[in-house]
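Chains as they are written, first to last, in my numbering: chain A, 3 to 71; chain B, 5 to 286. Don't be surprised by glycine CBs; every beta carbon is placed ideally from N, CA and C. Predicted model only: the values in this text are computed from it and were never measured.
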């Protein structure tokens with residue numbers, strides 16, 4: 003299980019989730035991606051979209067930890 | 005200003021703008037790419053509303069970028085087909101049409117505008133498509149469809165307006181085993197069918213014989229409402245994207261009969277015919 007990081011604080015919805023989704027597509031199942039989000043819309047949408055896509059999601063402050071399914 | 009002067013004026017503007025847009029660009033540099041062989045940041049933004057779909061992916065987008073599609077006809081069906089395929093990021097679009105833009109075309113062919121009257125449809129369409137997406141290589145063919153145009157094509161979308169051409173395109177695609185999306189529209193009704201030659205029923209499997217001469221009015225004789233053509237062309241573009249990106253649910257071994265008088269969408273199952281002269285031997 004490899005750990006990866008992504009910062010989406012420089013973009014807005016829906017690019018926050020698009021960037022996250024593309025990053026996840028490049029990972030192996032079980033790999034973890036830590037996504038740094040701006041509070042507000044991104045911090046609400048990224049974890050929700052990741053959970054809807056079936057990934058395991060944990061939010062720690064402004065960091066969203068996603069384990070690729 | 006007379007009508008002719010006004011058209012020349014607008015044509016000049018369109019030409020200048022097309023020149024400013026420049027030649028079809030080469031693939032974007034990978035310096036700003038997230039991955040070595042992946043999409044550039046500009047591509048991620050341009051295609052973000054389709055990349056965000058659960059059904060879509062970077063792989064699907066890259067498959068589109070690497071694809072070459074031949075669109076037969078730059079008219080009522082070809083306009084939405086080519087617009088959506090260029091917008092979606094198909095790498096190369098060949099546009100086939102031997103006609104010039106006429107005033108009576110404009111109500112249903114949204115790639116052509118009044119200043120384009122008299123311009124070859126293939127060239128008029130290509131100019132708009134390059135504006136829409138400069139990353140797409142657009143190759144206009146100012147000619148009638150011919151099998152040599154299939155060279156290098158991964159998919160064909162047929163938006164021609166005659167049964168003769170439709171059967172010719174079907175036969176050529178079967179012979180070359182190139183997937184095809186057929187379509188036709190008349191009045192407020194139309195038909196769409198996706199075909200993987202050798203794997204699914206082809207157009208001639210579904211319709212072994214063209215209607216006898218005179219039995220089927222042409223679009224010019226019977227008329228057509230622009231939005232009806234837009235619906236059918238949009239469905240063709242959607243089927244093309246499904247085939248190119250490997251999405252599930254392509255309209256294979258079936259045709260969709262659309263009657264927009266009462267919004268009827270009827271999916272009619274069809275099977276391959278062993279004795280089909282076009283695909284039976286595949």
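For residue i, collect the residues of the same chain with a Cβ closer than 6 Å to its Cβ; drop the 5 residues on either side in sequence, then sort them by chain order.
i                      : result
residue 72 of chain B  : 96, 156, 157, 158
residue 36 of chain A  : 7, 65, 67
residue 283 of chain B : 178, 201, 206
residue 193 of chain B : 263
residue 280 of chain B : 208, 209
residue 42 of chain A  : none
Are residue i and residue j touching if we call contact CB-CB under 8 Å?
i                      : j                      : result
residue 113 of chain B : residue 93 of chain B  : no
residue 122 of chain B : residue 104 of chain B : yes
residue 273 of chain B : residue 258 of chain B : yes
residue 54 of chain B  : residue 102 of chain B : no
residue 76 of chain B  : residue 149 of chain B : yes
residue 195 of chain B : residue 176 of chain B : no
residue 136 of chain B : residue 91 of chain B  : yes
residue 79 of chain B  : residue 165 of chain B : yes
residue 62 of chain B  : residue 43 of chain B  : yes
residue 2 of chain A   : residue 44 of chain A  : Missing from the structure shown is residue 2 of chain A; chain A here goes from 3 to 71 and no further.
residue 82 of chain B  : residue 129 of chain B : yes
residue 262 of chain B : residue 23 of chain A  : no
residue 256 of chain B : residue 200 of chain B : yes
residue 190 of chain B : residue 235 of chain B : no
residue 244 of chain B : residue 185 of chain B : yes
residue 70 of chain A  : residue 31 of chain A  : yes
residue 230 of chain B : residue 111 of chain B : yes
residue 84 of chain B  : residue 237 of chain B : yes
residue 260 of chain B : residue 271 of chain B : yes
How many angstroms separate the CA atom of residue i from the CA atom of residue j?
i                      : j                      : result
residue 59 of chain A  : residue 27 of chain A  : 16 Å
residue 142 of chain B : residue 49 of chain B  : 21 Å
residue 276 of chain B : residue 203 of chain B : 8 Å
residue 171 of chain B : residue 34 of chain A  : 53 Å
residue 18 of chain A  : residue 57 of chain A  : 16 Å
residue 12 of chain A  : residue 208 of chain B : 54 Å
residue 133 of chain B : residue 86 of chain B  : 7 Å
residue 47 of chain A  : residue 67 of chain B  : 28 Å
residue 54 of chain A  : residue 62 of chain A  : 19 Å
residue 252 of chain B : residue 242 of chain B : 12 Å
residue 187 of chain B : residue 46 of chain B  : 33 Å
residue 214 of chain B : residue 220 of chain B : 9 Å
residue 39 of chain A  : residue 239 of chain B : 38 Å
residue 120 of chain B : residue 127 of chain B : 10 Å
residue 107 of chain B : residue 267 of chain B : 29 Å
residue 50 of chain A  : residue 151 of chain B : 50 Å
residue 269 of chain B : residue 3 of chain A   : 48 Å
residue 5 of chain A   : residue 25 of chain A  : 12 Å
residue 28 of chain B  : residue 88 of chain B  : Note that residue 28 of chain B scores a pLDDT of 46, beneath 50, so its modelled location is shaky; the value from the coordinates is reported in the next line. Answer to the nearest angstrom: the Cα atoms are 18 Å apart.
Tell me which residue opens and which closes the beta strand (DSSP E) that residue i is part of.
i                      : result
residue 59 of chain A  : 58-62
residue 361 of chain B : Residue coverage of chain B in this structure runs from 5 to 286, which leaves residue 361 of chain B outside it and unanswerable.
residue 72 of chain B  : 72-76
residue 198 of chain B : 193-199
Check for me: the alpha helix (DSSP H) holding residue i runs from which residue to which?
i                      : result
residue 234 of chain B : 230-249
residue 22 of chain A  : 17-27
residue 96 of chain B  : From DSSP, residue 96 of chain B is part of no alpha helix (DSSP H) but of the beta strand (DSSP E) over 96-100.
residue 59 of chain B  : No alpha helix (DSSP H) contains residue 59 of chain B, which DSSP labels as neither H nor E.
residue 276 of chain B : Neither: residue 276 of chain B is in no alpha helix (DSSP H) and is coded neither H nor E.
residue 169 of chain B : 167-180
Answer yes or no: does any C-beta atom of chain D fall closer than 8 Å to that of residue i?
i                      : result
residue 203 of chain B : Looking for chain D here will not work: the only protein chains present are A and B.
Residues in its own chain within less than 7 Å of residue i by CB, not counting five upstream and five downstream?
i                      : result
residue 74 of chain B  : 98, 100, 153, 154, 157, 160
residue 70 of chain B  : 95
residue 51 of chain B  : 65, 93
residue 265 of chain B : 192
residue 29 of chain A  : 6, 35, 70
residue 124 of chain B : 104, 146
In chain order, what residues of the same chain have a beta carbon less than 8 Å from the beta carbon of residue i, not counting five sequence neighbours either side?
i                      : result
residue 183 of chain B : 158, 159, 160, 177, 198, 199, 200, 201, 247
**Within 8 Å of chain A by C-beta, residues of the region 52-63 of chain B in sequence order** = 52, 53, 55, 56, 58, 61, 62, 63
**Message:** Residues of the region 13-24 of chain A in Cβ contact with chain B at a cutoff of 8 Å, in chain order, please.
**Reply:** 16, 17, 19, 20, 21, 23, 24
**Prompt:** Using Cβ-Cβ distances below 9 Å, what residues of the region 45-60 of chain A are close to chain B?
**Reply:** 51, 54, 55
**Request:** Give the residues from the region 171-185 of chain B that approach chain A closer than 8 Å (Cβ to any Cβ), ordered along the chain.
**Result:** Cβ contacts with chain A: none found.
**Item:** Members of the region 125-147 of chain B that neighbour chain A once the beta carbon cut-off is set at 8 Å
**Value:** none
**Message:** What are the residues in the region 24-41 of chain A lying within 9 Å of chain B by C-beta distance?
**Reply:** 24, 25, 27, 28
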